[in-house]
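These protein sequence lines map, in sequence, to chains S and F.
FYI, the numbering for the first sequence is 72 to 242, going by the working numbering.
FYI, the numbering for the second sequence is 72 to 242, going by the working numbering.
The C-beta atom is built at its ideal place from N, Cα and C for all residues, glycine as well.
Protein chains: 2
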Amino acid sequence: MDKKIKCTLAISLDGYIADEQGGYDWIVGDGSHENNTEKKWDFEAYMNDVDVVVMGRNCYDLQMHKEFANKEVIVMTSRKTDDNSVTFLSENIRSHLIDIRKTKNIFVFGGGNVVSQLKDIIDEYAIGIIPIILGKGIPLFHPDENRVKLNLKEIMCEDGIVVLTYTKKEA
Amino acid sequence: MDKKIKCTLAISLDGYIADEQGGYDWIVGDGSHENNTEKKWDFEAYMNDVDVVVMGRNCYDLQMHKEFANKEVIVMTSRKTDDNSVTFLSENIRSHLIDIRKTKNIFVFGGGNVVSQLKDIIDEYAIGIIPIILGKGIPLFHPDENRVKLNLKEIMCEDGIVVLTYTKKEA
């Protein structure tokens, strides 16, 4: 059986992942704990079984690959740099990832461009819903014709932030 | 103490309330019941304490006011018609609703235009999250500068649809 491609993101109730300037100071809880679930969202545990991290060039330029020093990092970009600590990929990325998935668990880190391009080959989503209507910002996905049906897997909650995990519905 | 203005909507995981043609055939559960909560979303109970229903002209033209025969219905529109069963309001709607709220519970039915205009005077939201990434469609709110901070009140779930209720955070 294949391994998995997974992705986690925080969104506002109106579906934005960042404000228009890319800011995310609004990604905070509401200070309440009455709806906390026993099981909490645990990013460290989530990353435990990840073998490969995929990110875009902007994230790489922001040095975010350094947070995953013990993982294989793939940077989706046409601008390659002289850096042996990561693998730069510019072509056939989807088929490449599908191939890697045969033996390795893949975590799609972001940003939005990368997630959008891969959204229908992602097997699992963990979406944190921040208690705010942001008004405007950068949407979770770039608009396209692809509908992806999901199965709800689990509900977690802490500090007014609800984390919903979904698996892709088999066609 | 004032009564409340409340609103309920179903959105896709990527924050759309309808597809681009206004369709909502995608508003369905995932067939699973493992995450069902004991308390379920109950629209009838939700409507019990509602005195006044507010809707836009399109909803009225689609005869949706007839679903609320035992409630006072306000139609937000500049095109008044000869119909005594509803009240047509075209001006100072926000201050008018704030005034009504002193003694009556108000339900903002929709559509998106109406909800968007009133989003920061709505006291309670109940948002049903449909297990689908829609790709494109009509967003929950028209983009604007207004951020509305919320407090998570309750989590309900049935058939893979998670209903989150929020109250507006006091400034």
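F:ILE164 sits in a helix when the DSSP states are folded into three classes. Residue contact with chain F for S:GLY86: present (Cβ-Cβ distance below 8 Å to some residue of chain F). Among the bridge pairs identified by DSSP, F:VAL121 is matched with none. Counting only unbroken stretches of 3 or more residues, the beta strand (DSSP E) elements lying wholly within the segment 101–153 of chain S are 123–127, 143–147, in sequence order. Only residues of its own chain outside the window of five on either side were considered, and among them ILE82, GLY86, ILE88 have a CB closer than 6 Å to the CB of F:LEU211, listed in chain order. For S:GLY199, the enclosing beta strand (DSSP E) starts and ends at 195–201.
Residue state for S:SER156 is assigned as coil, using DSSP reduced to three classes. In the three-state reduction of the DSSP assignment, F:LEU235 falls in the strand class, which pools E and B. For S:TYR237, the chain F residues whose Cβ falls inside 8 Å of its Cβ are LEU84, PRO202, in order along the chain. Nearest to F:GLN188 by alpha-carbon distance, out of F:LYS173, F:MET135, F:GLU162, F:GLU109, is F:GLU162. In this chain, S:ASN176 is not harboured by any alpha helix (DSSP H), its DSSP state being neither H nor E. For S:SER103, the CB contacts under 6 Å within the same chain, skipping 5 residues up- and downstream, are GLY231 in chain order. Contact of S:ASP120 with chain F is not assigned, every C-beta pair being separated by 8 Å or more.
Residues of chain S with a Cβ closer than 8 Å to the Cβ of F:GLY206 are, in chain order, PHE212, PRO214, ASP215, GLU216, ASN217, ARG218, VAL219.
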